[in-house]
Amino acid sequence: MRTQVGIIGAGPAGLLLARILQVHGIESVVLEGRSRDHVLARIRAGVLEQGTVDTLNEYGVGERLMHEGIPHAEMQLRWAGRRHALPLVDETNRRMTTYGQAKVVQDLIDLREADHLPLLFDAPVESLEDVNSDRPRIRFAHDGQQRTLECDFIAGCDGFHGVSRQYIPDAEEKSALREYPYGWFGVLVEAAPNPEIRGFAHTTRGAAVCSARSKTIGRLYLQVDPNENLDAWSDDDIWNELDLRMQDGSNNRLNRGRILQRDFARLRAFVCESMRFGRLCIAGDAAHIVPPSGAKGLNLAVGDVRVLAEALRRFLTKGDTDLIDRYSEICLRRIWHSVHWSCLLTDAIHMAPGQSRFDTQMQYEALQHWVYTEIGRKHFVSSMLGLPYEV
Ligand code: APR
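Be aware that the sequence shown starts at 553, since it is given in the working numbering, and climbs by one per residue.
Shown next as structure tokens:
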């Protein structure tokens with residue numbers, strides 16, 4: 553097999569890259585290690601920056617998003633048992649939109665399949681060869697056979713645990729990691745999200761987060777210790793704890809319903825500053841992980857892919873290497889900005905183990921600053937909405 557761009561991973565990064573390249577007339581093959589059903593069933597983030605919405609529309613992937621996406625004009629924050637809110641719209645009317653990542657992935661897969669373009673599921677990549685030559689190759693398994701894909705360029709969009717990053721010789725030395733001493737116990741629920749109870753809550757019991765995936769499906773989280781025995785929690789225990797942490801002195805309560813799925817994620821931040829070697833670039837979670845508080849994971853992947861697609865277009869159609877040479881540098885400005893913001897927000901709403909009353913007061917001050925000062929609101933809104941794209 554031969555193609556111009558070999559793309560590893562059919563997450564949002566790989567699929568969107570394939571779509572943008574297609575629009576520019578560049579061929580690609582997408583290789584995904586897992587099954588189609590597995591990829592579509594994964595529950596992930598669900599809040600899109602305006603730039604992500606605009607990008608999906610620009611490349612013809614926005615039709616269902618325009619019907620089913622739920623725009624937000626406000627952000628709720630709770631601390632010390634009280635509810636606070638701040639507008640989440642800027643002067644140019646940019647805002648956040650709720651639309652599950654699974655839907656973004658489904659829309660991209662549907663389009664690719666409708667166009668009969670190569671997208672192979674159950675095709676795990678095992679190794680890369682000659683990445684630093686002008687004929688790099690991808691070795692993968694498919695239908696019980698070992699196969700090789702020859703490419704002009706390889707895009708490693710294979711997530712944090714993928715294989716691509718290890719082919720960048722200085723990736724480890726140029727990586728930075730922060731692990732938080734707590735995680736998020738997440739539940740997906742079949743219960744109409746109550747618009748009066750949304751956003752983040754800081755409590756001395758730990759943080760809680762309430763978000764919507766649609767008008768009938770909610771996604772809720774509780775901060776827990778990484779060693780917590782989650783199997784011991786009954787559904788009622790989860791709802792009771794959520795009610796306790798989201799209480800704001802009013803009679804509002806969450807609408808309860810069936811818990812469809814439970815999961816746990818340890819919070820961490822990771823950035824690999826070396827995102828390119830020879831004819832290989834990595835994008836999305838393969839290059840960085842953010843704590844989920846800022847809802848930046850998918851949005852950062854879109855930012856990387858926009859730069860990568862344009863860099864590949866210039867390189868493959870004109871032989872122009874300027875942008876591909878600056879790929880890491882350009883992406884990292886946006887990445888570090890979002891990582892910093894996600895970490896600030898994470899630090900402000902979670903209770904660290906053994907946290908003092910002094911530390912808690914510092915958190916209240918940070919939250920107070922974001923909601924009740926003009927300069928703080930500006931910082932909060934512009935950080936949530938995301939930096940403009942450079943390319
Ligand atoms: N061969 C083929 N595919 C692989 C391999 C491999 N060796 N290793 C991993 N993959 C696939 C995974 O199965 C997954 O489908 O790569 C894909 C990576 O997708 P994501 O993890 O979704 O990462 P990305 O596309 O960068 O999306 C950005 O935003 O909301 C956040 O973290 C969340 O997934 C999200 C991310």
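The C-beta atom is built at its ideal place from N, Cα and C for all residues, glycine as well. No experiment lies behind these values; they were computed from the predicted model shown.
My assumption, with CB atoms under 8 Å, is that residue i sits in contact with residue j. Please give the rounded CB distance.
i, j, result
"residue 560", "residue 707", "7 Å"
"residue 773", "residue 801", "Residue 773 to residue 801, Cβ: 22 Å. No contact."
"residue 854", "residue 821", "That pair is no contact at about 19 Å."
"residue 563", "residue 715", "Actually they are not in contact, since the Cβ atoms of residue 563 and residue 715 sit about 14 Å apart, beyond 8 Å."
"residue 719", "residue 829", "7 Å"
"residue 943", "residue 638", "Their Cβ separation, rounded to whole angstroms, is 30 Å, which puts residue 943 and residue 638 out of contact at 8 Å."
"residue 732", "residue 819", "4 Å"
"residue 705", "residue 557", "5 Å"
"residue 703", "residue 565", "The pair is not a contact, with the Cβ atoms about 17 Å apart (cut-off 8 Å)."
"residue 670", "residue 581", "4 Å"
"residue 646", "residue 623", "About 10 Å separates the two Cβ atoms, so there is no contact after all."
"residue 939", "residue 892", "Contact flag wrong, Cβ pair sits at about 11 Å."
My output table needs one value for residue i: the three-state DSSP class, helix, strand or coil.
i, result
"residue 755", "coil"
"residue 815", "strand"
"residue 791", "helix"
"residue 669", "coil"
"residue 934", "helix"
"residue 915", "helix"
"residue 768", "coil"
"residue 731", "strand"
"residue 939", "coil"
"residue 929", "helix"
"residue 806", "coil"
"residue 553", "coil"
"residue 657", "helix"
"residue 605", "helix"
"residue 611", "coil"
"residue 826", "coil"
"residue 713", "coil"
"residue 838", "helix"
"residue 736", "strand"
"residue 559", "strand"
"residue 922", "helix"
"residue 821", "strand"
"residue 718", "helix"
"residue 685", "coil"
"residue 845", "helix"
"residue 784", "helix"
"residue 750", "coil"
"residue 831", "coil"
What are the start and end residues of the alpha helix (DSSP H) that includes residue i?
i, result
"residue 880", "879-901"
"residue 862", "849-870"
"residue 564", "564-575"
"residue 592", "588-593"
Within 10 angstroms of its Cβ, does residue i collect 16 or more other Cβ (buried), or is it exposed?
i, result
"residue 845", "buried"
"residue 916", "exposed"
"residue 590", "exposed"
"residue 852", "buried"
"residue 585", "buried"
"residue 869", "exposed"
"residue 796", "exposed"
"residue 848", "buried"
"residue 745", "buried"
"residue 758", "buried"
"residue 495", "No answer is possible for residue 495: the residues shown for the chain start at 553 and end at 943."
"residue 932", "buried"
"residue 717", "buried"
"residue 701", "buried"
"residue 861", "buried"
Counting along the chain, where does the beta strand (DSSP E) carrying residue i start and finish?
i, result
"residue 700", "697-702"
"residue 635", "634-639"
"residue 581", "580-583"
"residue 708", "705-708"
"residue 677", "677-681"
"residue 623", "622-624"
"residue 693", "689-694"
"residue 873", "It is not in any beta strand (DSSP E) - residue 873 carries neither H nor E in the DSSP assignment."
"residue 650", "648-650"
Is any heavy atom of the ligand FAD found at a distance shorter than 7 Å from the C-beta of residue i?
i, result
"residue 853", "Among the ligands present in this structure, namely the ligand APR, the ligand FAD is not found."
So, do the segment 615-631 and the segment 566-586 have three or more beta carbon pairs nearer to each other than 8 Å?
No, because fewer than three Cβ pairs between the segment 615-631 and the segment 566-586 fall closer than 8 Å, the two stretches do not touch.
Is it true that the segment 582-599 meets the segment 653-672, where meeting means three or more beta-carbon pairs spaced less than 8 Å apart?
Taking 8 Å as the limit for Cβ pairs, the verdict is that the segment 653-672 does touch the segment 582-599.
Are the segment 759-769 and the segment 794-814 touching, with three or more C-beta to C-beta distances below 8 Å?
Contact between the segment 759-769 and the segment 794-814 is present, because at least three Cβ pairs lie under 8 Å.
I'd like to know if the segment 746-761 and the segment 625-632 are in contact, where contact means that at least 3 CB-CB pairs between them fall below 8 Å.
Touching, yes, given that three or more Cβ pairs across the two stretches are closer than 8 Å.
Looking at C-beta atoms only, is the number of pairs between the segment 691-698 and the segment 661-679 that lie closer than 8 Å three or more?
Contact between the segment 691-698 and the segment 661-679 is established, with three or more Cβ pairs separated by less than 8 Å.
Contact between the segment 855-874 and the segment 834-841: three or more CB pairs below 8 Å?
With the cut-off at 8 Å, the segment 855-874 and the segment 834-841 touch.
Are three or more beta carbon pairs between the segment 900-920 and the segment 869-884 nearer than 8 Å?
Touching, no, given that fewer than three Cβ pairs across the two stretches are closer than 8 Å.
Counting Cβ pairs closer than 8 Å, one from the segment 656-670 and one from the segment 679-686, do we hit at least three?
Short answer: they don't touch.
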